[in-house]
Each structure stands twice: as structure tokens, then as C-alpha cells.
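Residue numbers (the working numbering): 546 to 694.
Worksheet: the structure to be examined is printed underneath.
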């Protein structure tokens, strides 16, 4: 069987490097991918959001080389895992476990974006805080690095 997901888009927020209980580095990002068609009712393109996870040295280099808004492509596998929410219900989350990535813009463009972001964007920060709240409640109850070792 084949489980390959190729996606291209822009990062909703700057990636942050974290560590699992076993000490493996990882980062979670939300990739926004624009659809290639417009609906009849709307004059703008719709987009899809993908929760993507990178592990190990790929995660380290990705965090160093990207920031919010970076244009990237991923080759990943889709994984669905269960967790219990705060009320004890069993829920499922779908993640793309990234196996490789490509940067689709130059380093100069990324550096300019970093400088622009450091000056502050209050409206965008509110949207990012909402994203963080939506993602952070999903527990990492198992060691996500098992497939990587």
C-alpha cells in the first residue's frame, strides 16, 4: 500500500522546535494550501489547512530556514491517531508526518519576511493565537518519534 501526500502552501505561523519525552526534536506547523479553482459564489480562492509534523534533523533545519508565510512543499504520509479530550470523549486527529520538504522561495525573501514580522502585525497575531489554542489542546500522549527511529 502507498500512503504519500504531496502538498504545497504557506506556513500559518513560524515553526517552533520542541522535544518529545525521548528527546527527539520535532515541530508542528499548519500549512495553508490554496485550491486551484474559485467557487461560483465567491470571487476568491478557497484554501485547505493541513497539520504537519516534522521530526529529527529535518525539523531542526526547517525551523532555522523558515518563518510564518514561507512558501514550502512537503512529501508526507497521513496518520490518524486517537486522543481523549477534556470531557473524556475519544477524538481523532489527522496529521501529515513530513518525510521531506522543499523551500519554494529564496533565503533573501525569507529574511525580508522575518524582518517584517519582527516589526509586529497585531491582527495577524490574533489569528495565530487562535490557531495555537486549536492545536495545543491535542495531547501528544504517545512518543511521536517511534516511526523515525
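Idealized CB from N, CA, C, for every residue including glycine.
Predicted model, so just to flag it, every value in this text is computed and none were measured.
A direct Cα-Cα distance of roughly 43 Å separates residue 635 from residue 652. For residue 621, the uninterrupted beta strand (DSSP E) run begins and ends at 616-629, by DSSP. Per the coordinates, the alpha-carbon of residue 589 lies some 6 Å from the alpha-carbon of residue 583. Contact annotation: the region 623-634 does not touch the region 567-586, with fewer than three C-beta pairs closer than 8 Å. When the Cα atoms are used, residue 578 and residue 616 turn out to be separated by approximately 10 Å. Counting every other CB atom within 10 Å of its CB across the protein chains shown gives residue 549 a total below 16, marking it as exposed. In this structure, the alpha-carbon of residue 560 lies about 6 Å from that of residue 574. Of the candidates 656, 565, 571, 571 places its Cα closest to the Cα of residue 644. Close CB contacts of residue 599 within its chain, under the 6 Å cut and outside five residues either way in sequence, are with 572, 607, 643 (chain order). Check the Cα spacing between residue 551 and each of 562, 576, 564: the tightest is with 576.
About 13 Å separates the beta carbons of residue 593 and residue 619, which is beyond the 8 Å limit, so they are not a contact pair.
With at least 16 other beta carbons inside 10 angstroms of its own, residue 554 counts as buried.
For residue 596 and residue 556, the gap between their C-alpha atoms comes out near 10 Å. Fully enclosed beta strand (DSSP E) runs of no fewer than 3 residues occupy 635-648 of the region 629-653, in order along the chain.
Residue environment: residue 614 is assigned as buried (16 or more neighbouring CB atoms within 10 Å of its CB, all protein chains considered).
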